[in-house]
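Residue numbers (our numbering): 203 to 491.
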Ligand SMILES: [Zn+2]
Ligand SMILES: [Zn+2]
């Protein structure tokens, strides 16, 4: 079992280093609200799209973890750097945690199930136990494909460095408001939107497919998290590049993957077959469009 090998450490003990970073980011995110300029808001929105959508949803999640489509290596690397800019750790850490989540969803060994508490699944799981972000060798057992690539090992070791470099660039060009909005507020908003996928979509919403976990489809999380709210669909068909499988299940990440495919920049795009869809389906809202 993979999970028996992860050493989370004492999960009752708060990790003071991670707590300090998270509290600081949250305080500075509030400070950003009192230092508003239009350019800072635009910078934050553009960076949010790049980092949370291209970096986490299309990158770390659908590309690096589930390999649901393929892109040229340069785009793959670019998405990974965008992912690191979210303060969610490097690609090897993120992929490992998420693969363990799929393997043990809402059971013993799931790093962030709401069965251990709603706040635990949302953010407390990050704050307790030993920090594993920089333990590339340990986490690499669950991401051997990424471990083969020195770029991913390096980025995982130095996952915080792109954020520091970006911060220096932002403050140099746009002053304090760009730093506060482009780094602190954007990162905090991005963290909570991603965390909602771990908490809200394992608690509230509808179930289209029969899965052994508590996953749900949530339209509002899908809107906030670039299509990731169709989480019951995703647990039923983890390798599908498309999560919004129904007619009205808008999935903006899928729209962009489809666009990349049309441009010849994405291939081997995986989708469930109609046979696979009907096999696990509880009710048919509409067939895949
Ligand atoms: Zn899940
Ligand atoms: Zn997943």
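Ideal Cβ placement from N, Cα and C applies to all residues, glycine included. Since the model is a prediction, treat every value here as computed from it, not as a measurement.
- Using a Cβ distance threshold of 8 Å, residue 403 and residue 423 count as a contacting pair.
- Per DSSP, the unbroken alpha helix (DSSP H) holding residue 457 starts and ends at 454 to 464.
- In its chain, beyond the 5 residues on either side, 313 have a beta carbon closer than 7 Å to the beta carbon of residue 299.
- Using a Cβ-Cβ distance cut-off of 8 Å, the region 285 to 296 and the region 380 to 399 are in contact, since at least three pairs of beta carbons, one from each stretch, lie closer than that value.
- The DSSP-derived three-state label of residue 409 is coil.
- Around the Cβ of residue 310, a 10 Å sphere holds fewer than 16 other Cβ atoms; the residue is exposed.
- Taking a cut-off of 8 Å for Cβ pairs, the region 368 to 384 and the region 235 to 253 touch, as three or more such pairs fall below it.
- By the Cβ-count criterion, residue 219 is exposed, with fewer than 16 other Cβ atoms from all chains shown falling within 10 Å of its own Cβ.
- Scanning 400, 386, 268 and 261 for the CA closest to the CA of residue 281 turns up 261.
- For residue 256, the closest of 279, 327, 236 and 226 by C-alpha to C-alpha distance is 279.
- Contact between residue 236 and residue 332 fails: their C-beta atoms lie close to 36 Å from each other, not under 8 Å.
- The alpha-carbon separation between residue 459 and residue 326 amounts to approximately 32 Å.
- In this structure, residue 413 places its C-beta atom within 8 Å of the C-beta atom of residue 434.
- Measuring C-alpha to C-alpha distances from residue 293 to each of 408, 361, 224 and 431 identifies 361 as the nearest.
- In terms of Cβ geometry, residue 443 and residue 213 do not form a close pair [threshold 8 Å].
- By the neighbour-count definition (other C-beta atoms within 10 Å, threshold 16), residue 371 is an exposed residue.
- The beta carbon of residue 405 lies closer than 6 Å to those of 316 in the same chain, with the five residues before and after it left out.
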